[in-house]
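Protein chains in written order, with my numbering: chain S, 39 to 562; chain G, 39 to 562. Read through the structure below, which is laid out as structure tokens, and then see the notes.
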């Protein structure tokens with residue numbers, strides 16, 4: 039099994055993504071997790087760019103990482119400047135990082151038009167910068183990133199190779215070929231990597247791709263087949279424009295499809311967890327369709343497939359979802375038959391209870407005819423199964439609610455909701471204002487329940503979708519509301535359907551509260 | 039320039055995606071747009087699976103498409119069944135579609151374990167089904183989808199080829215090789231496509247990929263390099279699990295990177311618009327990092343790149359964003375929308391009025407920052423242009439409204455809305471009950487206006503969509519409401535955005551009423 043080094047730049051290149059901002063604490067948390075999984079290199083930041091990045095390099099030394107080396111990223115020295123006097127190189131050296139990654143210009147046109155210098159001076163800038171870092175006692179290795187390598191090679195292959203050779207001869211341990219603009223397709227990557235391999239036979243090569251043509255994973259794999267042994271990317275492919283190459287997909291493909299040695303034994307089973315952890319830290323929503331780790335990646339809809347899964351499951355999935363710590367999900371939808379529903383209720387150990395299966399299918403079909411869809415509302419489905427099994431004991435009794443939305447003449451909108459519930463013998467009647475009716479109902483319901491169920495404070499509504507349901511009945515249009523909620527551990531969806539959007543929202547909201555309460559009880 | 043046929047299955051395989059549900063009207067709207075861009079085949083649905091799909095095939099005949107052929111999808115006949123008696127084939131024939139796509143089993147293990155029949159009977163099922171459809175007078179061509187081709191070929195290449203040959207000899211015009219599980223990597227696709235090409239020299243080949251390994255685009259391109267001339271996928275890559283191959287990326291790569299002939303002259307510039315239109319119709323958020331068409335795809339952050347863009351812009355972007363109808367954004371100030379705006383105001387013959395163009399762009403950008411999207415709300419945009427041109431004279435002045443939704447204990451929900459408007463010197467104050475708040479507001483507004491504007495009786499609300507627009511923004515989430523309305527002649531969309539769903543609905547509702555009144559005035 040050939041070893042491929044994994045170089046993670048989530049914290050540096052990934053943080054260039056739109057809307058992404060890691061705090062110092064975030065960066066340290068992600069570093070710890072990446073180390074836990076056996077990532078070989080963690081590029082922590084660009085020490086010159088901001089104080090947070092240079093603080094990071096101080097703090098990260100206290101983490102006592104088990105495996106990963108932390109790399110500091112920076113540019114070659116300025117033109118016509120002594121490397122010892124260059125501010126960027128000084129910041130890199132001062133970071134005390136044991137690995138320094140230097141990015142330099144490969145494309146002759148950028149040397150002339152962006153740096154405004156000669157081809158020769160650029161070669162000296164590369165060699166001096168690599169050499170200077172290499173000569174520091176605490177620096178174990180220097181990695182050279184050849185910016186715009188693929189475009190530069192296309193424009194002027196001889197010069198591109200000269201820049202790589204300058205870095206190589208100055209002592210860079212790895213030459214990383216960067217598709218900075220993300221515009222290169224796999225067959226061109228293959229050809230150019232092979233040519234470098236030929237031109238600089240002793241060099242260790244790496245690959246760094248961006249996803250602007252939707253082929254970053256394929257490009258990274260292709261470069262590895264051509265002899266690169268080091269791959270750079272980010273967790274979940276976060277990064278500028280269309281993102282960097284997604285290490286999650288690359289690692290899974292390399293290991294599961296091609297048998298390369300990556301990370302450490304057992305790491306792959308934590309890939310889904312890692313992916314979601316990074317989304318959480320970056321405050322981004324999961325990408326449900328993300329290969330390998332998405333919540334939909336092993337979700338089956340459509341009677342045909344679901345039926346197939348139950349019978350010869352492996353053949354309908356390209357890998358066993360457990361290999362990457364993900365799981366199979368059977369979606370309940372209008373295209374599905376009884377086999378989906380039975381698979382879905384498997385965790386209740388009732389799959390052999392045929393009578394119950396029929397009862398549940400009838401309930402689901404009846405609700406689907408009313409406009410319900412459970413594929414994004416597994417929590418509501420869960421409550422439904424509880425009710426059908428007769429194990430459902432309501433956590434509170436809903437008695438009434440009222441919502442008022444009002445504008446006075448040419449003034450702002452105000453919203454008020456009241457909620458009346460029974461808890462045991464006591465009736466709680468509460469009122470709240472809100473930004474809108476759902477927010478106000480949420481507030482009033484919390485007021486009514488929170489003293490009894492303090493863990494509701496963890497519950498947060500994160501998304502809200504509404505659709506008019508094509509009335510199969512031809513009567514008044516119905517509205518379907520799906521609410522996504524979360525606490526510290528889980529994300530769940532609930533659904534409500536009514537001719538009245540407020541009532542539909544209320545139904546979905548109450549399901550979410552109940553699901554949270556049942557979940558907490560079961561985990562105790 | 040070699041021609042590659044584009045076969046879109048957004049409406050069939052795409053609708054298998056989690057949370058995706060197209061109404062009949064949605065499907066017809068998407069069909070129209072795909073035809074406008076020169077898509078060669080539109081797979082409209084699976085007539086047997088539900089009544090909506092079979093209605094679609096009736097309705098689509100009234101669209102009078104200019105270029106696209108509409109295909110109906112279905113399975114081979116059941117085992118040991120006369121094709122003329124098979125319900126699925128009957129539904130396909132009854133759909134009256136001129137193109138029928140038949141999916142059949144390629145993988146010997148599925149023949150035995152899922153179909154429960156012999157290898158020979160499966161070959162007959164394929165041949166019979168293709169032949170039966172082929173023999174119908176109204177059927178111009180039959181396309182054969184070889185399900186699980188790549189897995190089937192790996193397991194038993196001889197049998198896989200036999201299934202293709204059966205379809206070919208029975209008259210299928212195209213043999214589509216499907217990576218149904220999405221588990222195949224590009225070099226394996228290349229090898230297996232080449233082998234089919236060799237084994238069945240006369241066949242026209244197609245490719246159908248899924249994105250489970252994050253290489254669906256690369257796989258589709260690879261198959262084309264190996265001689266496939268037909269590619270299947272969905273707009274935005276929507277579809278089951280990790281999605282289908284994204285036609286947006288495939289078309290852009292084929293045309294811009296490799297010079298293939300796809301769609302029709304000028305189509306590529308509408309790719310971004312098409313992508314966003316489909317997201318709107320599917321009620322999904324845009325994927326900002328989507329290659330080519332994402333809102334971040336040409337967004338530059340970080341001093342180095344933004345600076346570079348200013349100096350040698352082309353070298354920092356892999357293509358000119360205008361080629362796909364997208365645009366560059368520099369992420370300090372939010373700059374968006376200019377090309378869209380000019381395209382949309384063309385009918386006002388003001389495209390040469392540069393000052394007005396800038397004014398309107400500023401207004402639209404400001405509204406987009408608040409969460410507005412005008413993709414599916416051209417009537418609201420029309421009112422906006424009127425306001426910016428200073429030709430807008432309100433048909434009524436809105437003074438105030440109030441909505442109350444209430445349940446008494448264990449009783450049904452009641453909704454009441456009051457509306458106060460000024461018409462000339464008179465203030466009209468009216469009240470109505472409704473099924474829900476929008477219905478009640480609609481009713482009250484009609485009561486207030488109908489004596490003055492009797493043609494409002496023709497106005498009908500036909501669809502209503504709601505989306506949270508910045509669900510993770512930290513502050514209160516905003517809600518975008520899009521209402522689709524119609525009268526005897528037209529269908530139009532309007533939009534409202536607010537933190538309050540009732541206010542957002544009210545804004546969209548009032549726009550719809552005003553648009554109707556202006557339209558009637560202009561047509562008089």
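Glycine included, every Cβ here is placed at the ideal spot set by N, Cα and C.
Starting from residue i and walking both ways along the beta strand (DSSP E), at which residues does that stretch end?
i: residue 502/S; result: 498-507
i: residue 46/G; result: 43-46
Less than 8 angstroms separating the beta-carbons of residue i and residue j?
i: residue 47/S; j: residue 93/S; result: no
i: residue 159/S; j: residue 128/S; result: no
i: residue 497/S; j: residue 521/S; result: no
i: residue 74/S; j: residue 84/S; result: no
i: residue 325/S; j: residue 321/G; result: no
i: residue 494/G; j: residue 554/G; result: yes
i: residue 300/G; j: residue 68/G; result: no
i: residue 190/S; j: residue 146/S; result: yes
i: residue 1/G; j: residue 168/G; result: Since the displayed chain G opens at 39 and closes at 562, residue 1/G lies outside it and no answer follows.
i: residue 473/S; j: residue 538/G; result: yes
i: residue 63/G; j: residue 501/G; result: yes
Under 6 angstroms Cβ to Cβ from residue i, same chain only, skipping five residues before and after it: list those, please.
i: residue 556/S; result: none
i: residue 511/G; result: Confidence at residue 511/G is low in this model, with a pLDDT of 41, below 50, so its placement is unreliable and the value that follows should be read with caution. Contacts found: none.
i: residue 245/G; result: 215, 258, 261, 266 and 269
i: residue 79/G; result: 45, 107 and 109
i: residue 373/G; result: Since pLDDT at residue 373/G reaches only 30, below the 50 mark, its modelled position is unreliable, and the value read off the structure follows with that caveat. Excluding residues within five positions, the ones whose Cβ falls inside 6 angstroms are 367.
i: residue 56/S; result: none
i: residue 534/S; result: 519, 542, 545 and 546
i: residue 113/S; result: 126 and 141
If you drop the 5 nearest sequence neighbours on each side, which residues of the same chain put their C-beta closer than 8 angstroms to that of residue i?
i: residue 310/S; result: 330, 331, 362, 363 and 364
i: residue 358/S; result: 352
i: residue 296/S; result: 259
i: residue 336/S; result: 355, 359, 364, 365, 366 and 367
Leaving out five residues before and five after residue i in sequence, what residues of the same chain have Cβ atoms less than 7 angstroms from its Cβ?
i: residue 177/G; result: 136, 138 and 171
i: residue 70/S; result: 101
i: residue 443/G; result: 451, 453 and 475
i: residue 298/G; result: 39, 40, 42 and 292
Please list, in chain order, the chain S residues whose beta carbon lies closer than 8 angstroms to that of residue i.
i: residue 313/G; result: In chain order: nothing, as chain S lies at least about 13 angstroms away.
i: residue 42/G; result: By Cβ distance, chain S contributes nothing, its closest Cβ being about 15 angstroms from residue 42/G, past 8 angstroms.
i: residue 440/G; result: 442, 443, 444 and 445
Give the single residue among the options whose Cα lies nearest to the Cα of residue i.
i: residue 456/S; options: 467/S, 447/S, 462/S and 463/S; result: 467/S
i: residue 23/S; options: 442/S, 229/S, 424/S and 532/S; result: An answer regarding residue 23/S cannot be provided, because it is not within the stretch 39 to 562 covered by chain S.
i: residue 352/S; options: 221/G, 112/G and 70/G; result: 221/G
i: residue 264/S; options: 155/S, 180/S and 227/S; result: 227/S
i: residue 355/G; options: 238/S, 399/S, 155/S and 249/S; result: 249/S
i: residue 447/G; options: 436/S, 447/S, 258/S and 398/S; result: 436/S
i: residue 428/S; options: 415/S, 397/S, 366/S and 505/S; result: 397/S
i: residue 430/G; options: 439/G, 404/G and 419/G; result: 419/G
i: residue 318/S; options: 525/S, 175/S and 115/S; result: 525/S
i: residue 409/S; options: 518/S, 243/S, 275/S and 153/S; result: 518/S
i: residue 439/S; options: 416/S, 463/S and 470/S; result: 470/S
i: residue 65/S; options: 487/S, 489/S, 98/S and 77/S; result: 98/S
i: residue 289/S; options: 277/S, 157/S, 59/S and 256/S; result: 256/S
i: residue 552/S; options: 441/S, 421/S, 540/S and 459/S; result: 421/S
Using a C-beta to C-beta distance shorter than 7 angstroms, which residues of chain G count as neighbours of residue i?
i: residue 224/S; result: 224 and 256
Name the chain G residues that come within less than 9 angstroms of residue i, Cβ to Cβ?
i: residue 495/S; result: The contacting residues do not exist; residue 495/S stays about 18 angstroms from chain G at best.
i: residue 119/S; result: Within chain G, no residue comes near residue 119/S; the closest Cβ sits about 18 angstroms away, beyond 9 angstroms.
What does residue i reach in chain S if we use C-beta pairs closer than 9 angstroms?
i: residue 335/G; result: 250, 279 and 280
Check the Cβ of residue i against every Cβ in chain S and list those closer than 7 angstroms, keeping chain order.
i: residue 329/G; result: 249, 250, 251, 252 and 280
i: residue 326/G; result: 56
i: residue 332/G; result: 280
Give me the chain G residues within the contact set of residue i, using Cβ-Cβ distance strictly less than 8 angstroms, ordered along the chain.
i: residue 295/S; result: 221, 223 and 251
Which residues, in order along the region 122-148 of chain S, keep a beta-carbon less than 8 angstroms from a beta-carbon of chain B? Here the protein chains are S and G, and chain B is not one of them.
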